[in-house]
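Single-structure report; data block below.
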Amino acid sequence: MRAYRIAYDGQPYHGFQRQPDVETVEGELLAALDRLGVTDGGVPAGYAAAGRTDAGVSALAQTVAFEAPAWLSPAAFNSELPAAVRAWASADVPEDFHATHDAREREYVYHLYAPERHDDRARRAADALAGEHDFHNLTPDDRGTVRALSIDLAREAAFLVCRLRAGGFCRQLVRRVVGLVDEIRRGEAPVSKVDRVLGSEPIDGAAGVGPAPPTPLVLTGVDYDLAFSVDDAARESARSIFADRVAERRAGARVAEEIRDGV
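Residue 838 in the working numbering is what sits at position 244 of the sequence shown, and the numbering runs on without skipping anything.
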């Protein structure tokens, strides 16, 4: 058994989990294993992933594990993966290892564009949301909604960087937490809304909290009792590809600014 760290740009994909008729990150991983002869088109023995990111969400440290041949280094894996998906580190794991269940903690980072600041209101909201709560009003899940959540906010120029850590996350929890923090930051709701959201009564419709957009969100960490070995060639490939994407999107932002300022 071997575990692989996977980085990906989530914007071209309909989420991580394999689905029929649409492109997903997991679909790319399994198709690459098929082309490499590791599988015959199915799922390899022991396969599991650390989590399922939503459509548009990216990752630095998604983790998949399965029965892999000794020659399947991250660089070899990349030889059949698209540029948007890069393996960059790996670790030998016990035969009973499970990438989902054996994760001790997960970390997501949301890059909230907030040039108008009001960080003090955001911090009060984050402090009220941190800790162990029943987040049933911040997820479509019906079960497993009690979570112990840590939230750290840091100002980086025009962005408020929101770092959230927990043993696991309900569906849409990160994006809805950020959505509520931003709603309070902008003055559209009082901090007391947190108490209502964390209360036992369901909140629906306009009184509820919608998810923040997915593209500023990155799965940045999944902690295991493992020592991952970085594949230098695979890491350099990932850095080069994502440097090109940084340049491309900065140029795209300039084009958008040109149009904005000219109309």
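Heads up, the beta-carbon is just placed ideally off N, CA and C, and yes, glycines get one too.
Compute the distance between the beta-carbons of Glu-699 and Asp-819, then report whether it is under 8 Å.
Taking the first residue of the sequence shown as position 1, residue 699 is located at position 105. Taking the first residue of the sequence shown as position 1, residue 819 is located at position 225. No. Outside cutoff.
So which of His-705, Arg-612, Arg-680, Gly-846 has the shortest CA-CA distance to Val-772?
Here the question's residue 772 lines up with position 178 in the sequence shown. When each option's Cα is compared against that of Val-772, the closest is His-705.
State the DSSP-derived secondary structure class of Arg-817, mapped to helix, strand or coil.
For this step, residue 817 is matched to residue 223 along the sequence shown. At residue 817 the sequence reads Asp, which differs from the Arg that was named. Correct three-state label for Asp-817: strand.
Quick test of the definition: if touching needs 3 or more C-beta pairs under 8 Å, does the region 612–623 touch the region 663–679?
yes
Leaving out five residues on either side along the sequence, give the residues of the same chain with a beta carbon under 6 Å from the beta carbon of Gly-815.
Within the sequence shown, the letter at position 221 stands for residue 815. Excluding positions up to five away in sequence, the list reads Ala-655, Glu-701.
Within the same chain, show all residues whose beta-carbon is closer than 8 Å to that of Leu-675, passing over the 5 residues directly before and after it, in chain order.
Looking up residue 675 in the sequence shown gives position 81. Closer than 8 Å at Cβ, skipping near neighbours: Glu-622, Leu-623, Ala-626, Ala-681.
Decide if Ser-786 is buried, meaning its Cβ has at least 16 other Cβ atoms within 10 Å, or exposed.
The residue you call residue 786 lines up with position 192 of the sequence shown. Exposed, because fewer than 16 other Cβ atoms sit within 10 Å of the Cβ of Ser-786.
If Gly-609 sits next to Ala-643, beta carbons under 8 Å apart, how far is it from one beta carbon to the other, in whole angstroms?
Taking the first residue of the sequence shown as 1, we reach residue 609 at position 15. Taking the first residue of the sequence shown as 1, we reach residue 643 at position 49. With a Cβ gap of about 12 Å, Gly-609 and Ala-643 do not count as contacting.
Could you pull the start and end residues of the beta strand (DSSP E) that Glu-701 belongs to?
The count along the sequence shown starts at 1 and reaches residue 701 at position 107. Per DSSP, Glu-701 belongs to the beta strand (DSSP E) from 699–707.
Same chain, Cβ closer than 8 Å to Leu-723, five either side skipped, listed in chain order:
As a first step, residue 723 must be located in the sequence shown, where it is residue number 129. Correct list, in chain order: Leu-743, Ile-745, Val-771, Leu-774, Val-775, Val-788, Leu-792.
Tell me whether Val-658 is buried or exposed, calling it buried when 16 or more other Cβ atoms sit within 10 Å of its Cβ.
In the sequence shown, residue 658 corresponds to position 64, counting from 1. Result: buried.
How far does the beta strand (DSSP E) with Leu-624 in it reach, from first residue to last?
Along the sequence shown, one-based indexing puts residue 624 at 30. Premise fails: Leu-624 lies in the alpha helix (DSSP H), 619–629, not in any beta strand (DSSP E).
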